[in-house]
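Trainee:
In the working numbering, the protein residues as written are 138 to 401.
The following block contains the structure:
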C-alpha cells in the first residue's frame, strides 16, 4: 500500500474517463460526536461539483446514510450520483431513483425495530438513532458505561426476534439492515450499469475508511481500477493507496481538478 499517491494522481490526470466514488463519513468528512454535526466542507463540495462538470468524469457518493441525508450535501441536478444505504437506494445524477426490490419484506420489521430502539435514545440513556429508512443505526458512544449492560440486553432481545433483518455490531454503533447479500460493491455495480459505464473504458477509483468499504476496493480492482483507504496506516486493507485524513482527500481532489482543467 502506498502512502503518497503521486503516481495515482498522474494516472488520473491522464485518463480520458474516470469514475470517482466515495464513502462519506470518515472519508470525505471527519467523524463528529453527533451525525448531524458531520458537515461537508464547502471547498470540498465545490471541488467535487467542479469535477462532476468536467467531461469524462463521473462522481458518486456511496454511503451507509440515506439518500435523504446525502441530499444535504448535493441537490438533484448537481451532477453527483448518490447511493444510500450501501447502494440499496440510488439517486442518479439526472435525478432518477432506484430502490433494490429485494428489501421490501424487511421494511415492516425495520419499523418495529425502530420503535423498540427508541427507549435507548435521548438524554436518559444517551444513544443516538439514525433512521435511514432502509436501515437503522444506534450510536452508543455517548452512553455511560454503567448503562451499556442494559442496552446490550435490549439489543440482544431484538436480535432474537430478527427474521428479515441482519444485525451488525460495530465499534461504536449497532446496525440493523435487510438480510440480503449486499455490500457497497453491489451499490457500485448498480451505478456502473445505470450510468452506462460498462460500455466505456472507464478508470474506477473508490475511497473509503472502514472494513465495510473493502468490498468496494475489491470491486474497483477487478475492473482494473484503484482504491484509497483513509485512516490509520496500521489497519490492514486491500486498498492500493493510503491517506490519513479526509482533508488529504480534499487536497488530492483539488490537485486533480487543476490537472484535469489544464488539459483543456
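Beta carbons: idealized from backbone N, C-alpha and C, even for Gly.
1) For the beta strand (DSSP E) holding residue 227, just list the boundary residues, first then last.
2) Hey, how far is the Cα of residue 288 from the Cα of residue 153?
3) Is it a yes or a no for the stretch 198-215 touching the stretch 295-309, going by three-plus beta-carbon pairs under 8 Å?
4) So, are the CB atoms of residue 197 and residue 217 less than 8 Å apart?
5) Under DSSP, the alpha helix (DSSP H) around residue 148 begins and ends at which residues?
6) Can you grab the Cα-Cα spacing for the pair residue 249 / residue 300, in whole Å?
7) Just reading off the alpha helix (DSSP H) that residue 187 is part of, what are its end residues?
8) Please report the residue range of the alpha helix (DSSP H) in which residue 323 lies.
9) Sort 342, 187, 321, 336 by Cα distance to residue 352 and report the nearest one.
10) Can you say whether residue 267 is buried or exposed, counting buried as having 16 or more other CB atoms within 10 angstroms of its CB?
11) Hey, would you say residue 339 sits closer than 8 Å to residue 155, going by beta carbons?
12) Is residue 176 helix, strand or coil when you go by DSSP?
13) Whose C-beta lies closer than 8 Å to the C-beta of residue 168 among residues of the same chain, with five residues either side of it excluded?
14) Excluding the 5 residues flanking residue 279 on each side, which residues of the same chain have their C-beta closer than 8 Å to its C-beta?
15) Do you know how far the Cα of residue 393 is from the Cα of residue 183?
16) Would a C-beta distance cut-off of 8 Å place residue 228 and residue 244 closer than the cut-off?
17) Starting from the C-beta of residue 310, find all residues in its chain whose C-beta is less than 8 Å away, skip the five residues before and the five after it, and write them out in chain order.
18) Counting Cβ pairs, one atom from each stretch, are 3 or more of them under 8 Å apart for the stretch 250-262 and the stretch 321-337?
19) Grab me the residues of residue 405's own chain with a C-beta within less than 6 Å of its C-beta, minus the 5 sequence neighbours each way, in chain order.
Mentor: Short version:
1) 226-228
2) Linking residue 288 to residue 153 through their CA atoms gives a straight-line distance of about 52 Å.
3) no
4) Yes; because the gap between Cβ atoms is below 8 Å, this pair is in contact.
5) 143-151
6) 12 Å
7) 179-190 is the extent of the alpha helix (DSSP H) around residue 187.
8) 321-331
9) 321
10) buried
11) yes
12) Here DSSP, grouped into helix, strand and coil, assigns residue 176 to coil.
13) 162, 175.
14) Within its own chain, the residues whose Cβ lies closer than 8 Å to the Cβ of residue 279, once the five positions on either side in sequence are excluded, are 170, 263, 264, 265, listed in chain order.
15) 13 Å
16) no
17) 274, 275, 276, 277, 278
18) Under the 8 Å Cβ criterion, the stretch 250-262 does not count as touching the stretch 321-337, having fewer than three qualifying pairs.
19) The chain is shown from 138 up to 401; residue 405 falls before or after that span and cannot be answered.
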